[in-house]
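The sequence shown begins at 55 in our numbering and counts up by one.
Positions of the beta carbon are idealized from the N, C-alpha and C atoms, including for glycine.
These figures come from a predicted structure and were not determined experimentally.
These notes concern the structure reproduced below.
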Amino acid sequence: MWKDQEVSAAISHASPVLASRVDAFLRHTPMRRTRARRVVASVIRYVLRAQHRATPFGHFAGITTARIGERVHVRWDGHRLVASPTGAWVADAVTGLESSLDVLSHTRVIANPATTAQDGQLVIPQTFRPDSGPFATTAKAAVAHTDAVQAVLDVARDPVPWATVVEAVGEAYPDEAETDIHGMLAGLVRVKALLTNLHPPSTVPPLEHLETTLPTLGSRGRPAAQVVGRAKDALAKYNATGDDLEAVEEAMGALSDEPAVGVDTHLDADIALPHAVARTAADAMGLLEDLSPHPEGLVGWAGWRTSFTDRYGTGVLIPVEQVVAEVGYPNWGTTADRPLAARDRWLLEHAQAAALDRRREIDADALLDRVRGQDHAPPVAHSEINVRVESPSPAALDSGRFRVVVLGTSRTAAAMAGRFAAMTATGGQLAVALASTPGVVPVQLSFPPNLARHTHVARVPRLLDHVLSVAEHPPLGALGVDDLMVGCDEEGVFLWSRTLGARVEPVVPHAFNLRHAPALVRFLAELPRADRMPVSAFCWGAASQLPFLPRVRSGRIVLSPAQWRVRPRDLPADRAPWRVWDQAWTDLADRRHLPRHVELGGSDQRLCLDLSELAHRFLLRTHLTTSGAAVLREAPDVRSFGWCQHRPAEVLFQLTRTEGGT
Numbered sequence: 055m056w057k058d059q060e061v062s063a064a065i066s067h068a069s070p071v072l073a074s075r076v077d078a079f080l081r082h083t084p085m086r087r088t089r090a091r092r093v094v095a096s097v098i099r100y101v102l103r104a105q106h107r108a109t110p111f112g113h114f115a116g117i118t119t120a121r122i123g124e125r126v127h128v129r130w131d132g133h134r135l136v137a138s139p140t141g142a143w144v145a146d147a148v149t150g151l152e153s154s155l156d157v158l159s160h161t162r163v164i165a166n167p168a169t170t171a172q173d174g175q176l177v178i179p180q181t182f183r184p185d186s187g188p189f190a191t192t193a194k195a196a197v198a199h200t201d202a203v204q205a206v207l208d209v210a211r212d213p214v215p216w217a218t219v220v221e222a223v224g225e226a227y228p229d230e231a232e233t234d235i236h237g238m239l240a241g242l243v244r245v246k247a248l249l250t251n252l253h254p255p256s257t258v259p260p261l262e263h264l265e266t267t268l269p270t271l272g273s274r275g276r277p278a279a280q281v282v283g284r285a286k287d288a289l290a291k292y293n294a295t296g297d298d299l300e301a302v303e304e305a306m307g308a309l310s311d312e313p314a315v316g317v318d319t320h321l322d323a324d325i326a327l328p329h330a331v332a333r334t335a336a337d338a339m340g341l342l343e344d345l346s347p348h349p350e351g352l353v354g355w356a357g358w359r360t361s362f363t364d365r366y367g368t369g370v371l372i373p374v375e376q377v378v379a380e381v382g383y384p385n386w387g388t389t390a391d392r393p394l395a396a397r398d399r400w401l402l403e404h405a406q407a408a409a410l411d412r413r414r415e416i417d418a419d420a421l422l423d424r425v426r427g428q429d430h431a432p433p434v435a436h437s438e439i440n441v442r443v444e445s446p447s448p449a450a451l452d453s454g455r456f457r458v459v460v461l462g463t464s465r466t467a468a469a470m471a472g473r474f475a476a477m478t479a480t481g482g483q484l485a486v487a488l489a490s491t492p493g494v495v496p497v498q499l500s501f502p503p504n505l506a507r508h509t510h511v512a513r514v515p516r517l518l519d520h521v522l523s524v525a526e527h528p529p530l531g532a533l534g535v536d537d538l539m540v541g542c543d544e545e546g547v548f549l550w551s552r553t554l555g556a557r558v559e560p561v562v563p564h565a566f567n568l569r570h571a572p573a574l575v576r577f578l579a580e581l582p583r584a585d586r587m588p589v590s591a592f593c594w595g596a597a598s599q600l601p602f603l604p605r606v607r608s609g610r611i612v613l614s615p616a617q618w619r620v621r622p623r624d625l626p627a628d629r630a631p632w633r634v635w636d637q638a639w640t641d642l643a644d645r646r647h648l649p650r651h652v653e654l655g656g657s658d659q660r661l662c663l664d665l666s667e668l669a670h671r672f673l674l675r676t677h678l679t680t681s682g683a684a685v686l687r688e689a690p691d692v693r694s695f696g697w698c699q700h701r702p703a704e705v706l707f708q709l710t711r712t713e714g715g716t
């Protein structure tokens, strides 16, 4: 397996630590049995991922565009790797440069608008955190909210030179030594209360930003700029030719020892799908809207809206910063207890009936009849749906013999596709989709992720005319939080931009989980949609923890595959001998009528298992030991990808709302 260069290269890039352990294993280096098993299990997981999962990830799976036509057309050719700096490298390199007062004293700084004042402390969300070290798990930092600190924040409300802040603080506190003022400012940079222009905004290529910025930052900045210039040239050469990645890593290694390069795979393929597939995907989104578990709007916002109107009323515009200080954020962490909804009661009843009758499927149309006519908020104007198209052959697909399995949805029309916009040249199309909300100007919400390694997901080129920067040093011309105001009318709450003189909708063009973003980012992203009906993958609600849930289907649309939930207590304890555990598993699988082929996990972390294979059952046992409950979903039939030459594929549709529907 490891002799296959594509396999070893893919795993080595994804996990250098695992690759080094595999090399040690193959050299017969003494290794504990438990570690050896973990190494083998990890390699098997990666191989299964490469064989069965189409979610774009490094060398393992790539992306291309498809078109809608009269007939299916599939041509697969080669692929190319597109490299870019990792977030870990950028964060470490910038942190190293910011440790020099000579560099800092030449920067421009801005106060972080995501900070909050609490009980005499200034609380700052910590972004771009490393994977290890003393700050890896520090979600928030706090410093004393003194008059001097507030003076710094007041001076730096907009980007200003470091020297301007030093001078202003010195005038306000003439007894303070200049070295102490520099030290205080450096401390505020370390905790990200002050943001320097060294950190690249999330909409700007990092090497280009550093190459432009570093020459202005004193004697240490100029040689660092030369290093970055060499790295940028080497990276451009690699992306054009596929040669000499080592030269890129060597050049970038001069500024940081962190892994320097991340890659995405661009597929050379020509794919066309029939119009019927696109219509079916749109129909699936319509079903998910009709069956939404939260037809009233985003969870947690109803109470917030009431608090806003109780304090300010309607027909007024209040600055965002004032609203956050006086009203706070929505109560995202909890949901109020409420009676079991008719939807939940129906699902509980029919899930149990299916289990008793040994049926693997229930009819979504029957549930639709049950909830039809209920009040609901207007749906969102644009979104995405990710599906698996299953058909045994091109001819079958053309004739309408196919089914569409919903794998996921997203909050905007660019959440999954946005980060690939430059690679696929689809930025213009995405911008059109994002501008489909009537009477609202879309603005691209740019912010740093909590962990530096997540930057690969969160860095998206500029797609829209306007950018709103939060918790980062803004690019030239970006809107700031202080430009925004909150209002409420008969349609709900909204954001207003002073600069644009219009309602705005901050759009997050990537799939980063906003629960891990600064609270201000989530607030701004959700507020314009608070009174819109959220659409997500099919939700079982109160029934979601049952041991068995049947497939939910409407015609050729599968909203949710059949799934089985297995808990560690269902099987012998961890220390039980393998043969005892394995026999117990065989008995359990037989009682619960599990299929041979299943997918372990969910979302984009699915792992396809053949439960007749001992090694795959070992992976299952390992998962139960380390992660607790295992959710097993029915896997696609071996013929499902016949239409695309038996290559696992997922299809992502951008959807916008028209007068007649989606």
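| Item | Value |
| --- | --- |
| With DSSP run on the structure shown, which of helix, strand or coil describes K194? | strand |
| Span of the alpha helix (DSSP H) holding D131? | Taken as a continuous stretch (DSSP letters only), D131 belongs to no alpha helix (DSSP H), being part of the beta strand (DSSP E) at H127 to P139. |
| Thinking C-alpha only, which one of A449, P139, P503 and L654 is nearest P179? | P503 |
| Compute the Euclidean distance between the alpha carbons of A479 and T509, then round it to the nearest angstrom. | 20 Å |
| So which of V460, A308, S138 and R671 has the shortest CA-CA distance to R610? | V460 |
| Express the C-alpha separation of R99 and S256 in angstroms, rounding to a whole number. | 32 Å |
| Could you check if V606 is buried or exposed, using at least 16 other CB atoms within 10 Å of its CB as the buried criterion? | buried |
| With which residues is P433 paired in a DSSP beta bridge? | M587 |
| Measure the Cβ-Cβ separation of V317 and L505 and say whether it is below 8 Å. | no |
| According to DSSP, is F602 part of a helix, a strand, or is it coil? | strand |
| Around the C-beta of W632, are 16 or more other C-beta atoms found within 10 angstroms, so that it is buried, or is it exposed? | exposed |
| Can you tell which of G296, A288 and H320 has the C-alpha that lies nearest to the C-alpha of G307? | A288 |
| Please check the pair G150 and S310, which I expect to be a contact at CB under 8 Å, by giving their CB distance rounded to whole angstroms. | 7 Å |
| May I ask you to list the residues that DSSP assigns as paired with D417? | R607 |
| If I'm right that S500 touches S523 with Cβ under 8 Å, what's the distance once you round it to whole angstroms? | 5 Å |
| Expressed to the nearest angstrom, what Euclidean distance is found between the alpha-carbon atoms of G656 and R92? | 22 Å |
| DSSP has Q406 in a bridge; who is on the other side? | Per DSSP, none; premise fails for Q406. |
| Spatial neighbours of V381 within its chain, please: CB distance less than 8 Å, with the 5 preceding and 5 following residues excluded, ordered by chain position. | W358, S361, F362 and R365 |
| Do the CB positions of L665 and V685 come within less than 8 Å of each other? | no |
| Within the same chain, show all residues whose beta-carbon is closer than 7 Å to that of G481, passing over the 5 residues directly before and after it, in chain order. | A475, P515 and L517 |
| Measure the C-alpha to C-alpha separation of S346 and F707 and round it to an integer number of angstroms. | 19 Å |
| Which one of P384, R397 and G454 has the shortest CA to CA distance from T334? | G454 |
| Taking the continuous alpha helix (DSSP H) assigned at D318, which residues delimit it? | Careful: D318 lies outside any alpha helix (DSSP H), inside the beta strand (DSSP E) at V315 to P328. |
| What is the C-beta distance between T446 and G696, in whole angstroms, given that I count them as a contact (C-beta under 8 Å)? | First, the amino acid is wrong: residue 446 is Pro here, not Thr. Contact flag correct, Cβ pair sits at about 4 Å. |
| Using DSSP bridges, identify the partner residues of F111. | A115 |
| Less than 8 Å between the C-beta atoms of D658 and T109, yes or no? | yes |
| Measuring only the C-alpha atoms, how far is P184 from W143? | 10 Å |
| Check H718 in the structure and name its three-state DSSP category. | Limits of the chain in this structure are 55 at one end and 716 at the other, which puts residue 718 out of reach. |
| Name the residue from V197, S598, H199 and F182 whose alpha carbon lies nearest to the alpha carbon of T191. | F182 |
| Let me know if G275 comes out buried or exposed under the rule of 16 or more other beta-carbons within 10 Å of its beta-carbon. | buried |
| Got a sec? Which residues, its chain only, sit under 6 Å from L299 by beta carbon, not counting five neighbours each side? | Y292 |
| The alpha helix (DSSP H) that contains T360, what's its start and end? | W355 to Y366 |
| Can you give me the C-alpha to C-alpha distance between H199 and A247, rounded to a whole angstrom? | 11 Å |
| Let me know the secondary structure DSSP gives L551 once reduced to three states. | Note that residue 551 is Ser in the sequence shown, not Leu. Here S551 sits in strand by DSSP. |
| Could you tell me the distance, in whole angstroms, from the CA atom of L554 to the CA atom of D212? | 18 Å |
| Is the stretch 481 to 491 touching the stretch 463 to 470, taking contact as three or more C-beta pairs under 8 Å? | yes |
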